[in-house]
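Colleague:
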Amino acid sequence: MSEEAGASEKEEGGNEVDGMVAFAAVMEGLNPSNATAREQIEAKLQDPEYLQVIKEMWELANCYSVIPGEQTPKVLAMKVGTAKAYIGKNAAFLQQFLEYCTTRTDACGLAANQLQRNDTEDRVMERVMALKPGPNEAWRLAIDPKILRGLGKATRKFEGCLTWPGRKIVVSRYPKVIAAWHNQDGSSETKTLEGFEAQVFQHEVDHLNGVEEIVVDVN
51 MSEEAGASEK
61 EEGGNEVDGM
71 VAFAAVMEGL
81 NPSNATAREQ
91 IEAKLQDPEY
101 LQVIKEMWEL
111 ANCYSVIPGE
121 QTPKVLAMKV
131 GTAKAYIGKN
141 AAFLQQFLEY
151 CTTRTDACGL
161 AANQLQRNDT
171 EDRVMERVMA
181 LKPGPNEAWR
191 LAIDPKILRG
201 LGKATRKFEG
211 CLTWPGRKIV
221 VSRYPKVIAA
231 WHNQDGSSET
241 KTLEGFEAQV
251 FQHEVDHLNG
261 VEEIVVDVN
């Protein structure tokens, strides 16, 4: 789910250096099109330690990309009792996916099946999502997430989505949901979510469930 309606993919510069400067500016909360901001970043990149950090994050951000303009296919739920084994086997992927999400300053939620691996161009068909339900909260993973029950009256909403840049989707959302998932350490959790956190969770589970989205243009 995009942080703002109509959020779009990060733009790359004309070459790797320009792209890295623009990327660093976005990560610092600056406008990459602003000349002063770019000069500030170029100066900071003279620091070898800062440059190394940005290089690592830049390379990570380029491991995956959002597939635009396509409905997301369903990823089957895991069989009962298999989640811990999956987490142990796929620990490296889970950490890489989580770290990739931290580079997405334009998002508050992301389902793995919205992405492709840039080296193979294969869609990431894993039942994993990440969410960041508040500006001061860290990204966290939800593995094999499920909505057990919606609470309250569902209302119609318009949401931004990274899959549909420049457009919105029309959805029905519950104000609260009882949700279940596995954490990255293998522990299971069942919790009542509400407000924006519940909305983001429902959005990403819809992607994993292959729910066809109703997409509309925005003025």
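Each residue of the sequence shown is one higher than the one before, counting from 51 in the numbering used here. Beta carbons: idealized from backbone N, C-alpha and C, even for Gly. Quick caveat, the model's predicted, so the values are computed rather than measured.
Buried or exposed: Ala142, going by 16 or more other Cβ atoms within 10 Å of its Cβ?
Modeller: Label assigned to Ala142: exposed.
Colleague: Which partner residues of His232 appear in the DSSP bridge assignment?
Modeller: Ile193 and Ser238, per the DSSP bridge assignment.
Colleague: So for Leu212, helix, strand or coil by DSSP?
Modeller: In this structure, Leu212 counts as coil in the three-state DSSP scheme.
Colleague: What three-state label does DSSP hand Met175 in the structure shown?
Modeller: Note: Met175 maps to coil in three-state DSSP.
Colleague: Tell me whether the beta-carbon of Leu110 lies closer than 8 Å to the beta-carbon of Ala157.
Modeller: Result no, Cβ atoms of Leu110 and Ala157 do not sit closer than 8 Å.
Colleague: Taking one C-beta from the stretch 249–265 and one from the stretch 193–208 each time, how about it: are there three or more such pairs within less than 8 Å?
Modeller: Verdict: yes, contact present.
Colleague: Residues bridged to Glu244 by DSSP?
Modeller: Bridge partners of Glu244: Lys226.
Colleague: Thinking C-beta only, is Ala230 closer than 8 Å to Glu239?
Modeller: Taking 8 Å as the Cβ cut-off, Glu239 and Ala230 qualify as a contacting pair.
Colleague: Could you work out which residue in Tyr100, Pro185, Gln249 and Glu209 is closest to Gly202 when comparing CA atoms only?
Modeller: Checked all of Tyr100, Pro185, Gln249 and Glu209; the closest Cα to Gly202 is Gln249.
Colleague: Relative to the alpha-carbon of Glu120, which residue among Gln96, Glu262, Glu176 and Asp267 has its alpha-carbon at the smallest distance?
Modeller: Here the closest residue by C-alpha is Glu262.
Colleague: If you run the structure through DSSP and keep just helix, strand and coil, what is Arg154?
Modeller: If DSSP states are grouped into helix, strand and coil, Arg154 belongs with coil.
Colleague: For the alpha helix (DSSP H) that contains Gln90, what are its first and last residues?
Modeller: Gln90 -> alpha helix (DSSP H) spans Ala85 to Lys94.
Colleague: Can you tell me which of the three DSSP states Lys139 falls into?
Modeller: Residue state, collapsed to three classes: helix.
Colleague: For Thr86, I'd like the list of residues in its chain whose CB is within less than 7 Å of its CB, leaving aside the five on either flank, ordered along the chain.
Modeller: Closer than 7 Å at the Cβ level, and outside the excluded window around Thr86, lies no residue.
Colleague: How should Ser270 be labelled, buried or exposed, when 16 other C-beta atoms within 10 angstroms of its C-beta is the threshold for buried?
Modeller: Since the first residue of the chain shown is 51 and the last is 269, residue 270 is not available in this structure.
Colleague: Skipping 5 residues on each side, what residues in its chain have a beta carbon closer than 8 Å to that of Asn81?
Modeller: Counting only Cβ-Cβ distances below 8 Å, and skipping sequence neighbours, we find Ala75 and Ala87.
Colleague: Take Leu144 and list the residues in its own chain whose beta-carbon comes closer than 8 Å to its own, dropping the five residues that flank it on each side.
Modeller: Taken in chain order, the residues that qualify are Ile137, Val178, Leu191, Ile193 and Gln234.
Colleague: Please report the straight-line C-alpha distance between Leu148 and Asp267, rounded to a whole angstrom.
Modeller: Distance between the alpha carbons of Leu148 and Asp267 is about 30 Å.
Colleague: Could you give the DSSP three-state label for Gly159: helix, strand or coil?
Modeller: The answer is strand: DSSP assigns Gly159 an E or B state.
Colleague: Specify the secondary structure class of Leu201 as computed by DSSP and reduced to three states.
Modeller: Three-state result, Leu201: strand.
Colleague: Where does Ile104 fall in DSSP's three states?
Modeller: Helix, per DSSP.
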